[in-house]
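Contents: one structure, followed by commentary.
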Amino acid sequence: MVKDQDIQKLKGFREFLPGEMKARRKLFESMRKVAEKFGFREIGTPSLEPKELFMIKSGDELVQQTYSFKDKGGRQVTLIPEETPTRARMVKENKDVSKPIKWFSESKFWRYESTQKGRLREFYQFNYDIFGEKSVEADAEIIAVAVEMLKELGLEKAAEIRINDREMLEGILSTYGIEQSMVEVLNIIDDKEKMSQKEFIEELVDAGLSDEESEVVDKVTELSGNFEDVMPELEQLVPDSEESIEAFERLSELKELLDGYDVLENCIIDLSIIRGLAYYTGMVFEIFDKEGDLRALCGGGRYDDLIETLGGEETPAVGFAPGDAVIELLMKREGLWPEEEIETDVYVLNVSESVKKKSMEIARLLRDQDLIVEVDLSGRNFGNQMKYANRINTQKLVIVGERDLKKGEVTVKDMASGEEEQVDLKSLEGYFQ
Numbered sequence: 073m074v075k076d077q078d079i080q081k082l083k084g085f086r087e088f089l090p091g092e093m094k095a096r097r098k099l100f101e102s103m104r105k106v107a108e109k110f111g112f113r114e115i116g117t118p119s120l121e122p123k124e125l126f127m128i129k130s131g132d133e134l135v136q137q138t139y140s141f142k143d144k145g146g147r148q149v150t151l152i153p154e155e156t157p158t159r160a161r162m163v164k165e166n167k168d169v170s171k172p173i174k175w176f177s178e179s180k181f182w183r184y185e186s187t188q189k190g191r192l193r194e195f196y197q198f199n200y201d202i203f204g205e206k207s208v209e210a211d212a213e214i215i216a217v218a219v220e221m222l223k224e225l226g227l228e229k230a231a232e233i234r235i236n237d238r239e240m241l242e243g244i245l246s247t248y249g250i251e252q253s254m255v256e257v258l259n260i261i262d263d264k265e266k267m268s269q270k271e272f273i274e275e276l277v278d279a280g281l282s283d284e285e286s287e288v289v290d291k292v293t294e295l296s297g298n299f300e301d302v303m304p305e306l307e308q309l310v311p312d313s314e315e316s317i318e319a320f321e322r323l324s325e326l327k328e329l330l331d332g333y334d335v336l337e338n339c340i341i342d343l344s345i346i347r348g349l350a351y352y353t354g355m356v357f358e359i360f361d362k363e364g365d366l367r368a369l370c371g372g373g374r375y376d377d378l379i380e381t382l383g384g385e386e387t388p389a390v391g392f393a394p395g396d397a398v399i400e401l402l403m404k405r406e407g408l409w410p411e412e413e414i415e416t417d418v419y420v421l422n423v424s425e426s427v428k429k430k431s432m433e434i435a436r437l438l439r440d441q442d443l444i445v446e447v448d449l450s451g452r453n454f455g456n457q458m459k460y461a462n463r464i465n466t467q468k469l470v471i472v473g474e475r476d477l478k479k480g481e482v483t484v485k486d487m488a489s490g491e492e493e494q495v496d497l498k499s500l501e502g503y504f505q
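The numbers in the numbering used here rise by one with no breaks, and the one at position 323 of the sequence shown is 395.
As structure tokens, then:
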């Protein structure tokens, strides 16, 4: 028999005490505020989906990391590892929703992968997506939302957005004869930041590229910097093909629009950004801290084919999803994580059992004014009630005693200054506003 003391929390999963939850709620409220500013509408999504939904386009690596199992009805189901396929399914099933569709949500996800700094097996993401709009303006707005999120969290100086276009990169690599192993090459590029240059070259050679081709891929994917500096050099690399030229022109237009949003200084071009998920079709981006000691805060981009792949109508889409774990690490490093103390507006202290009912009435009156109010539930004496009031960070104390009640009063104490005041019971309504 397993004893209670032998049962421990699972690796990669978290639990949060009240003070921690208060700080996290402030984080999510900040991201919600940004969504609402841009006219995104909130949705709710299921935690469990058919496994096939993620097998269609998410990529083998992600599917292998899922918590998947057969349910009691014999169906293969998966705890959602990300939300984009779910949203695509929802758009397909709700054809009458006016486009462009701008949705956001706060959801929990699960992935069975190696835990490390900022990477967990259960985590939260805040998802922003635009469906039904192929224009570069939609790309620019999504990136503007990402920058606004950083500003709202105070991280605009600590992080940067790295942008690439997968179609453009594939076109560039194709001019060097790198086509047969393109998918495998892109997956290796996606992991480039985790490898030394020697390891990167070796991986490419193992994928079937020659030493010369591998060095070309290494050189091309080193191209990185602000738009003004990189665009001229990038233009020289873009091949004379319709898809590549169109991708470069979209990137050029994106630059102008980002400048219009006044967020261009927060963005750079980085040809090593790929986004490993197989459904991305064009522009992709990731947000990194500038010091480089954390993994990506989040990523996103265009996935124009996913809804059609699921059997829906042709519906272009673009979006991104910031995760809570890495953002929390960065905010703590920058000294920006919200205060984690719990707070109580008023503690109603009853001096004796004889006034307990009156204490409850006063507590109800104060709660009706939207105050956070606690009362004694344990029959504590005066001193222990005071200790408890201090532990829950009480701002004001209402002391209810028989002598004061006979005069129609209570004693109000400011816990910070220690000052006390006699207050008429009739004046309590609105007293703490």
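Glycine included, C-beta positions come from ideal geometry on N, C-alpha and C.
Through-space distance from T187 to R367, alpha-carbon basis
Whole-angstrom Cα-Cα distance: 12 angstroms.
Go ahead and label I327 buried or exposed: buried means 16 or more other beta carbons lie within 10 angstroms of its beta carbon, across all protein chains shown.
In the sequence under discussion, the amino acid at residue 327 is Lys, which differs from the Ile named in the question. The residue in question, K327, is buried, as its Cβ has 16 or more Cβ neighbours within 10 Å.
Cut-off 7 angstroms between Cβ atoms - residues of its own chain near E228, not counting five sequence neighbours on either side
Contacts found: V219, L222, N338.
Excluding the 5 residues flanking W409 on each side, which residues of the same chain have their C-beta closer than 8 angstroms to its C-beta?
Taken in chain order, the residues that qualify are A95, E400, M403.
Could you say if the stretch 310 to 321 and the stretch 261 to 275 meet the contact criterion of at least three C-beta pairs nearer than 8 angstroms?
Contact annotation: the stretch 310 to 321 does not touch the stretch 261 to 275, with fewer than three C-beta pairs closer than 8 angstroms.
Are L437 and L477 touching if we call contact CB-CB under 8 angstroms?
When the beta-carbon positions are compared, L437 and L477 stay at least 8 angstroms from each other.
Going by the DSSP bridge assignment, what does R419 pair with across the sheet?
Position check: residue 419 holds Tyr in this sequence, whereas Arg was assumed. Beta-bridge partners assigned by DSSP to Y419: E446, L469.
Alpha-carbon spacing of Y184 relative to E411, whole angstroms
Whole-angstrom Cα-Cα distance: 31 angstroms.
Reducing DSSP to helix, strand and coil, say where N332 ends up.
Strictly speaking, residue 332 in this sequence is Gly, with Asn absent from that position. Residue state, collapsed to three classes: helix.
Pairwise C-alpha distance: V423 and Q457
Q457 and V423 have their alpha carbons spaced roughly 9 angstroms apart.
Three-state secondary structure (DSSP) of D290
The DSSP-derived three-state label of D290 is helix.
Give the range of the beta strand (DSSP E) segment to which L483 is assigned.
Before going further, note that residue 483 is Thr rather than Leu in the sequence given. Where T483 is concerned, the enclosing beta strand (DSSP E) stretches over 481 to 486.
Whole-number beta carbon distance between E239 and A319, since they are thought to touch under 8 angstroms:
Indeed, because the Cβ distance is near 4 angstroms, the residues count as touching under 8 angstroms.
From V470 to M93, what does the alpha carbon distance come to, in whole angstroms?
So the two alpha carbons sit approximately 27 angstroms from each other.
Would you be able to state if there are at least three C-beta pairs under 8 angstroms between the stretch 195 to 206 and the stretch 165 to 179?
Output reads yes: the stretch 195 to 206 touches the stretch 165 to 179.
What is the rounded straight-line gap between the Cα of T387 and the Cα of F100?
Near 29 angstroms, if we compare the C-alpha coordinates of F100 and T387.
Where does P118 land, buried or exposed, given buried means 16+ other C-beta within 10 angstroms?
Exposed, since its Cβ has fewer than 16 Cβ neighbours within 10 Å.
Using the DSSP secondary-structure output, state which residues sit across from L151 in a beta bridge.
Within the DSSP bridge table, the entry for L151 names L120, Y139 as partners.
Which class does M355 belong to by DSSP, given the choice of helix, strand or coil?
Reduced to three states, the DSSP call for M355 is strand.
With 16 other CB atoms within 10 Å as the buried threshold, where does L449 fall?
When all chains shown are included, L449 counts as exposed.
Considering V376, what are the terminal residues of the alpha helix (DSSP H) in which it resides?
According to the sequence shown, residue 376 is Asp rather than Val. Looking at the DSSP string, D376 is not in any alpha helix (DSSP H), and its letter there is neither H nor E.
Can you have a look at R234 and say buried or exposed, based on whether 16 or more other CB atoms are within 10 angstroms of its CB?
Result: buried.
Write down the C-beta distance between E194 and V149 rounded to the nearest angstrom, noting that I regard them as a contact closer than 8 angstroms.
Contact doesn't hold; Cβ gap of about 17 angstroms is too wide.
How long is the line joining the alpha carbons of R452 and A461, rounded to whole angstroms?
Rounded to the nearest angstrom, the two C-alpha atoms are 11 angstroms apart.
State the DSSP-derived secondary structure class of P384, mapped to helix, strand or coil.
Residue identity check: residue 384 is Gly in the sequence provided, not Pro. Residue state, collapsed to three classes: coil.
By alpha-carbon positions, which one of R374, V420, M127 ends up nearest to L382?
Nearest option by C-alpha distance: M127.
In chain order, which beta strand (DSSP E) runs of at least 3 residues are fully inside the stretch 222 to 280?
If only uninterrupted beta strand (DSSP E) runs of at least 3 residues are considered, those enclosed by the stretch 222 to 280 are 231 to 237.
Proximity of E358 and I345 at Cβ, strictly below 8 angstroms:
In contact: E358 and I345 (Cβ atoms closer than 8 angstroms).
Exposed or buried, L82, counting other C-beta atoms within 10 Å across all chains shown (16 or more means buried)?
L82 comes out exposed.
Which class does N456 belong to by DSSP, given the choice of helix, strand or coil?
Correct three-state label for N456: helix.
I'd like the span of the beta strand (DSSP E) that includes V495, first residue to last.
Per DSSP, the continuous beta strand (DSSP E) segment holding V495 begins and ends at 492 to 496.
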